[in-house]
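A.B. asks: When you read off a place in the sequence shown, starting at 1, and then add 3, the result is the number in my numbering.
Glycine is no exception: its CB is placed at the ideal position from the N, C-alpha and C atoms.
Keep in mind that this is a model prediction, so the values were computed, not measured.
Attaching a single structure in structure tokens format; questions to follow.
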Amino acid sequence: MLPDLRCPNLGATLATRIQLCGSLALRIDDRRVESELPGRLGRLLVVYLVAHRQREVPRSGLLSALWPDDAPAAADTSLSALLSKIRKTLGPERLEGRTSLRLRLPDGAWVDLEAAREGLHRAESAFARGDWFGVYGPGRVAQHVATRGFLPGENAPWVVEVRAALDEIHVRALELVGAACVEIGGSEQNTADRCARRLVELAPYRESGYRLLMRVLASRGNPAEGLLVYDELRRRLHEDLGVAPSLETQALHRSLL
């Protein structure tokens with residue numbers, strides 16, 4: 004069963020749901036089809052087409068996506084065979100074009116990569132308005148999708164690019180959700196604490212995680228622990244990069260003193 008990652012505000016539907024992160028899962032027009040795809044290259048090609056479905060992709064782009072280094076002599080013939088099988092699996096109306104191709108999904112189709120991007124956008128908009136509860140749901144959707152990884156074992160340049168974008172979505176969602184939970188208070192301080200510690204782990208030179216953890220500790224009546232967090236950051240930046248914490252982080256440090 005596909006995990007239910009829907010957020011009521013993200014317009015998800017059940018009939019067409021595509022999960023690219025983690026284990027590939029495709030439900031097209033209420034029919035599971037991922038097992039019908041033609042092997043590794045077929046799955047890779049479908050993932051590429053879904054990830055780039057907002058525009059037409061030339062055949063040369065598809066060839067580079069499948070064989071980024073050394074394409075076989077019969078690469079174009081192999082690509083044609085793969086596309087033929089994919090048309091049969093997804094439905095001929097879903098894959099338009101010959102020299103340039105574009106995947107067409109039904110209106111309201113849910114794709115996890117797109118849900119992560121939209122969730123982050125909605126969370127950022129809510130954060131800008133000071134709508135802390137409005138940050139939580141979309142931010143958690145973005146987090147949940149981004150943590151599952153993308154095409155493990157594949158290292159084509161486009162895969163690495165998507166993976167890096169997902170990493171940034173994950174980190175930014177942690178920042179937003181963590182900061183919103185500090186404002187919400189109560190039991191959500193635990194969520195803020197987890198977000199902060201995960202931020203420090205994932206992005207040890209990104210000061211936002213340390214600041215968030217310092218704020219959480221101070222709100223729990225443990226400013227001394229917050230000062231230790233600052234000292235850890237200061238030492239790391241000095242020893243590894245030869246720089247001091249930012250003025251914003253220094254100001255927070257002074258407030259804890």
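For Arg305, name the three-state secondary structure that DSSP assigns.
C.D. replies: Limits of the chain in this structure are 4 at one end and 260 at the other, which puts residue 305 out of reach.
A.B. asks: On the three-state DSSP scale, how would you describe Ala1?
C.D. replies: A query on residue 1 cannot be resolved here, the shown segment of the chain reaching from 4 to 260 and no further.
A.B. asks: Is the stretch 70-87 touching the stretch 33-50 in the sense that three or more CB pairs, one from each, lie closer than 8 Å?
C.D. replies: Yes, the stretch 33-50 is in contact with the stretch 70-87.
A.B. asks: Apart from the five residues on each side of it in sequence, which residues of its chain come closer than 7 Å, Cβ to Cβ, to Ala143?
C.D. replies: The sequence as given places Arg at residue 143; Ala does not occur at that position. If we look at Arg143 and ignore the five residues flanking it on each side, its Cβ neighbours are Val180.
A.B. asks: Starting from Gln192 and walking both ways along the alpha helix (DSSP H), at which residues does that stretch end?
C.D. replies: Gln192 -> alpha helix (DSSP H) spans Glu191 to Leu205.
A.B. asks: Tell me, please, whether the CB atom of Val219 is closer than 7 Å to any CB atom in chain C?
C.D. replies: Any reference to chain C falls outside this structure, which holds one protein chain only.
A.B. asks: Would you identify the three-state DSSP class for Ser67, choosing helix, strand or coil?
C.D. replies: Residue state, collapsed to three classes: helix.
A.B. asks: Is the beta carbon of Ala119 sitting closer than 7 Å to the one on Ala145?
C.D. replies: Cβ distance < 7 Å, so Ala119 and Ala145 count as in contact.
A.B. asks: What separation, rounded to the nearest whole angstrom, lies between the Cα atoms of Pro218 and Glu178?
C.D. replies: It should be pointed out that residue 218 corresponds to Arg in this sequence rather than to Pro. So the alpha carbons of these two residues sit roughly 13 Å apart.
A.B. asks: Counting pairs of Cβ atoms below 8 Å between the stretch 16-29 and the stretch 110-118, do you hit three or more?
C.D. replies: Yes, since at least three Cβ pairs between the stretch 16-29 and the stretch 110-118 fall closer than 8 Å, the two stretches touch.
A.B. asks: Any chance you could list the beta strand (DSSP E) runs of at least 3 consecutive residues sitting entirely within the stretch 70-111, in chain order?
C.D. replies: If we require 3 residues or more, the beta strand (DSSP E) runs fully inside the stretch 70-111 come out as 103-106.
A.B. asks: What are the boundary residues of the alpha helix (DSSP H) that Gln22 is part of?
C.D. replies: From DSSP, Gln22 is part of no alpha helix (DSSP H) but of the beta strand (DSSP E) over Arg20 to Gln22.
A.B. asks: How would you label Tyr233, buried or exposed, when you count the other beta carbons within 10 angstroms and need 16 or more for buried?
C.D. replies: Tyr233 should be labelled buried.
A.B. asks: Is it buried or exposed, Phe136, if we count other Cβ atoms within 10 angstroms and call 16 or more buried?
C.D. replies: Phe136 is exposed by the Cβ-count criterion.
A.B. asks: Considering only the alpha carbon of each residue, which of Arg58, Val148 and His147 lies closest to Arg107?
C.D. replies: The candidate whose alpha carbon is nearest that of Arg107 is Arg58.
A.B. asks: Leaving out five residues on either side along the sequence, give the residues of the same chain with a beta carbon under 7 Å from the beta carbon of Asn158.
C.D. replies: If we look at Asn158 and ignore the five residues flanking it on each side, it has no Cβ neighbours.
A.B. asks: Once DSSP output is grouped into helix, strand and coil, what is the label at Gly14?
C.D. replies: Note on Gly14: pLDDT 41, under 50, position unreliable in the model; the coordinate value appears next. Here Gly14 sits in coil by DSSP.
A.B. asks: Please report the distance separating the alpha-carbon of Arg214 from that of Glu121.
C.D. replies: The alpha-carbon atoms of Arg214 and Glu121 are separated by roughly 26 Å.
A.B. asks: Based on DSSP bridge pairs, tell me the residues matched to Pro61.
C.D. replies: In DSSP, Pro61 forms a bridge with Ser103.
A.B. asks: Which residue from Gly94, Leu66 and His147 puts its Cα closest to that of Asp170?
C.D. replies: Of Gly94, Leu66 and His147, the residue nearest in Cα terms is His147.
A.B. asks: Work out the CA separation of Leu202 and Asn193 for me, nearest whole Å.
C.D. replies: The alpha-carbon atoms of Asn193 and Leu202 are separated by roughly 14 Å.
A.B. asks: Taking its Cβ as the centre, do 16 or more other Cβ atoms sit within 10 Å of Asp32, making it buried, or is it exposed?
C.D. replies: Classification of Asp32: exposed, given that the 10 Å Cβ count is below 16.
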